[in-house]
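Q: Sharing a structure below in structure tokens format, with a few things to ask.
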Amino acid sequence: MLNRDEDILKAAEDWHKSGHGVALATVVETWGSAPRPVGSNLVINDEGTFLGSVSGGCVEGAVVTEALDVISSGQPKMLEFGVADETAWNVGLSCGGTIRVFVEKVG
């Protein structure tokens with residue numbers, strides 16, 4: 001399993017070199033109880049395959065969906081998930097904190 005930052009970034013590079021659209025999601029801010037620290041990464045390709053984690057699994061599905069949009073549009077997005085956000089509860093961030101995730105297209 002790829003779990004080190006350099007492994008995740010290497011996978012992004014390999015996917016990009018093989019012709020896939022790729023997005024990188026990075027935790028840029030946390031508040032309260034957050035499952036992953038600032039700097040944590042999730043890399044996603046245009047087929048929805050992903051490696052890494054920005055939330056320990058609780059919001060990855062929503063981040064992947066947004067990343068697919070970023071890949072197709074080329075426009076980066078800042079996402080926020082927290083316990084006060086009904087959407088966050090729907091995707092499972094019930095740890096009591098807030099995370100901000102920046103999603104950008106690679107290449």
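Position one of the sequence shown corresponds to residue 1 (UniProt numbering), numbered consecutively onward. Even for Gly, the Cβ is constructed at its ideal location relative to N, Cα and C. From a predicted model like this one, the values you see are computed outputs, not experimental measurements.
Indicate the three-state DSSP secondary structure (helix, strand or coil) for residue 59 in the structure shown.
A: Your numbering for residue 59 matches position 59 in the sequence shown. Looking at residue 59 - three-state DSSP - the assignment turns out to be coil, as it is neither helix nor strand.
Q: Rank 63, 31, 98, 47 by C-alpha distance to the C-alpha of residue 41 and give the top, closest one.
A: By one-based count along the sequence shown, residue 41 stands at place 41. Checking every option, the nearest Cα to that of residue 41 belongs to 63.
Q: What's the C-alpha gap between residue 72 and residue 105?
A: For this step, residue 72 is matched to residue 72 along the sequence shown. For this step, residue 105 is matched to residue 105 along the sequence shown. Looking at the two C-alpha atoms, the distance is approximately 9 angstroms.
Q: Which of the three DSSP states, helix, strand or coil, is assigned to residue 6?
A: The residue labelled residue 6 in the question sits at position 6 within the sequence shown. Residue 6: helix per DSSP, three-state reduction.
Q: Mapping DSSP to helix, strand and coil, what is residue 26?
A: The residue given as residue 26 occupies position 26 in the sequence shown. Strand at residue 26.
Q: Taking all protein chains shown into account, do 16 or more other C-beta atoms lie within 10 angstroms of the C-beta of residue 29, making it buried, or fewer, making it exposed?
A: If you number the sequence shown from 1, residue 29 lands on position 29. Looking at its Cβ environment, which holds fewer than 16 other Cβ atoms inside 10 Å, residue 29 is exposed.
Q: Report the rounded CA-to-CA distance for residue 79 versus residue 101, giving the unit in angstroms.
A: Position 79 of the sequence shown, counted from the start, is the residue given in the question as residue 79. Position 101 of the sequence shown, counted from the start, is the residue given in the question as residue 101. Rounded to the nearest angstrom, the two C-alpha atoms are 5 angstroms apart.
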